[in-house]
Amino acid sequence: MSALSTHTAEKLMALSSSQTSQPTPILLIEPERGLALKVQDLLFNLFHESLDLGVARSLLEGMTYLSSRRVPLILISLAVSDYKWLDAVRALRLTAPDSGLIAYGAIIDETVRLDAIRAGAHEVLAITGTSPAVFRLTIECAMIRANLAKIGARSSPPEETTVLPPRMQELTHALNNAMTSINGFADMLLARLPTNDPARACAERIKLSGKRAAELVQELQTPHESAPVLLTGATDIAPQAA
6 MSALSTHTAE KLMALSSSQT SQPTPILLIE PERGLALKVQ DLLFNLFHES
56 LDLGVARSLL EGMTYLSSRR VPLILISLAV SDYKWLDAVR ALRLTAPDSG
106 LIAYGAIIDE TVRLDAIRAG AHEVLAITGT SPAVFRLTIE CAMIRANLAK
156 IGARSSPPEE TTVLPPRMQE LTHALNNAMT SINGFADMLL ARLPTNDPAR
206 ACAERIKLSG KRAAELVQEL QTPHESAPVL LTGATDIAPQ AA
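In terms of our numbering, the sequence shown opens at residue 6 and continues consecutively.
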């Protein structure tokens, strides 16, 4: 087992221990009560008392939940009825890029599995007949892949940077989550609207505005090299005439 895999396995074991001081936040998006109960049983068997489980009955409920908190793991049923399941997976990947994402269904064929992974799922699981050991392995794989993505994003930090104050970091992170949710909803709205629907123009403008706002937030979040201070002795900042 690699060092990364060992680290992730140890992290999962710590998360699943009943001695963990803080419960592990996990989001489950499942419209069908029967499957929801089965997944909950698997989760509680793995995490015991150290589980803070949020259950959403639709993608909209799940997106609302994610707008105000971070979770290390999301499980979404491919049977969500309020949006096409591929759009739902894409929206979650955009809204919570740092979270492990598992898409599941009662039965999964290979085409669905590949499509879900292309849409952004870290793992795809057929929940019917799944053993606790397979369920645990699926969660571990999803966490490894989510961690790999974060490591890649941090691979080239600037040499000299200015760091935002902690409160500003929290606000920009919350704003980024909100803008990502708006962009995800705009994408899903465009996917559902007919090509000739006049409302598409409004949805496209929302998407463009959201994209621009997200770029500005990203610019604010990205550390920049400190600008040099020029000591010229001059106090007049107006340009001199040629």
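Just so you know, even glycine gets a beta-carbon here, dropped at the ideal spot from N, CA and C.
Asked                                                                                                                         : Found
DSSP bridge partner residues for Thr-29 (one or two, in chain order)                                                          : Leu-56
Own chain residues within Cβ distance below 6 Å of Leu-83, not counting five before or after                                  : Trp-90, Ala-108 and Gly-110
Top-ranked residue by Cα proximity to Asp-103, from Ala-61, Ile-31 and Leu-142                                                : Ile-31
Rounded separation between Ala-206 and Thr-133 - CA only                                                                      : 43 Å
Beta-carbon proximity list for Glu-37, same chain, < 8 Å, skipping 5 on both sides                                            : Ser-82 and Ala-84
Chain-order list of residues whose beta-carbon lies under 8 Å from that of Val-222 (same chain, five-residue window excluded) : Thr-177, Leu-180, Asn-181 and Met-184
Contact belief for Leu-153 with Thr-143 at Cβ below 8 Å, rounded distance in angstroms                                        : Rounded, the Cβ-Cβ distance is 16 Å, inconsistent with contact.
One or two residues paired with Gly-105 in a DSSP bridge                                                                      : Leu-78
Reference Pro-77; option with closest CA among Gly-215, Arg-172, Asp-192 and Met-148                                          : Met-148
Near the ligand GDP: Arg-205 beta-carbon under 7 Å from a heavy atom                                                          : Of the ligands one can find in the structure shown there are none, so the ligand GDP has no counterpart to examine.
Candidates Pro-171, Asn-201, Arg-150 and Ile-34: closest to Ala-61 by CA position                                             : Ile-34
Whole-angstrom distance between Gln-174 and Glu-224, CA atom to CA atom                                                       : 12 Å
Assigned exposure category for Ser-186 - 16 Cβ within 10 Å defines buried                                                     : buried
Closest Cα partner of Lys-97 within the set Ala-138, Asp-192, Thr-200 and Asn-50                                              : Strictly speaking, residue 97 in this sequence is Leu, with Lys absent from that position. Per the Cα distances, Asp-192.
Expected contact under 8 Å - CB spacing of Phe-140 and Leu-47 to nearest Å                                                    : 5 Å
Any alpha helix (DSSP H) of 4 or more consecutive residues that is wholly inside the stretch 97-154                           : 115-124
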